[in-house]
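Converting from the sequence shown to my numbering requires adding 83 to each position, the first position being numbered 1.
Contents: one structure, followed by commentary.
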Amino acid sequence: MSQATMKKAPAGQLEAPRFENSEALRIAGLREHFTPETMKNIPELWQRFGPHIGNIPGQVGHVAYGLCFNALSPDGVDYLVGVEVSKSSDLPGDISIANIPAQKYAVFFHREHVSKMYQTLDAIDKWFPGSGLEVAGEAAQAPNFFERYSEEFDPHTGMGGMEVWVPIKA
């Protein structure tokens with residue numbers, strides 16, 4: 084189903100997802116561990132990474148990613164902000180690499196301000212049990228899900244071009 088034909092949901096409600104088969108991606112960026120108490124600091128990680136965008140050796144395109152690892156851990160999550168790269172050599176020392184395997188995904192749009200992403204994530208968690216779909220088991224070192232910020236995303240307004248990609252069993 085294309086963006087144009089998807090049913091638009093009122094603000095705060097989850098739209099029906101589209102489904103994508105994605106090729107493997109290599110993401111380079113900054114990675115940190117966040118506890119439930121420090122998750123409010125994720126925007127600071129994005130601010131620190133901002134100057135790297137467009138300056139990462141081997142960067143592919145202008146899309147940014149937020150990868151979430153260990154999402155089911157009560158101790159918090161590891162979160163990586165980054166961009167796709169074609170190679171992992173010649174990267175600055177503070178840059179981490181993560182590989183996203185080729186996979187089928189349920190892709191959910193987030194149309195609210197970026198600060199309300201948690202509402203979309205919560206709605207996705209509530210949507211899955213009745214969907215007939217199953218989240219794919221965590222592949223070794225792969226993110227549980229990721230956020231994709233397209234070229235339409237405006238970091239100044241915090242609006243536009245945001246999606247959440249959740250791996251599903253085919």
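Glycine residues also receive a C-beta, built at the ideal position from the N, C-alpha and C atoms.
Problem - Three-state secondary structure assigned by DSSP to ALA111 - result: DSSP places ALA111 within a strand segment (E or B) once states are collapsed to three.
Exercise for the section: Could you tell me which of MET200, PHE132, ALA253 and LEU204 sits nearest to GLY215, measuring between CA atoms? Expected result: Taking only the C-alpha atoms, the option nearest GLY215 is ALA253.
Practice task
Measure the alpha-carbon distance for SER169 versus ALA107 and round it to whole angstroms.
Solution key: 11 Å
Handout entry: DSSP-derived helix/strand/coil call for ILE236
Key = In the sequence on display, residue 236 carries Phe and not Ile. Three-state result, PHE236: coil.
Exercise for the section: Starting from ASP161, follow its DSSP beta bridges and name the residues at the other end. Expected result: HIS116 and PHE152
Handout entry: Which of helix, strand or coil DSSP assigns to GLY144
Key = GLY144 falls in the strand class under three-state DSSP.
Problem - For ARG101, the first and last residue of its enclosing beta strand (DSSP E) - result: From DSSP, the beta strand (DSSP E) with ARG101 extends over 101-105.
Practice task
Please report the Cβ distance between ILE207 and LEU97, rounded to the nearest whole angstrom; I am assuming they are in contact, meaning their Cβ atoms lie under 8 Å.
Solution key: Between ILE207 and LEU97 a beta carbon distance of about 7 Å is seen, short of the 8 Å cut, so the two are scored as contacting.
Practice task
Pull up the DSSP beta-bridge partners for PRO250, would you.
Solution key: TYR188
Exercise for the section: Identify whether ARG231 lies in helix, strand or coil by the three-state DSSP scheme. Expected result: strand
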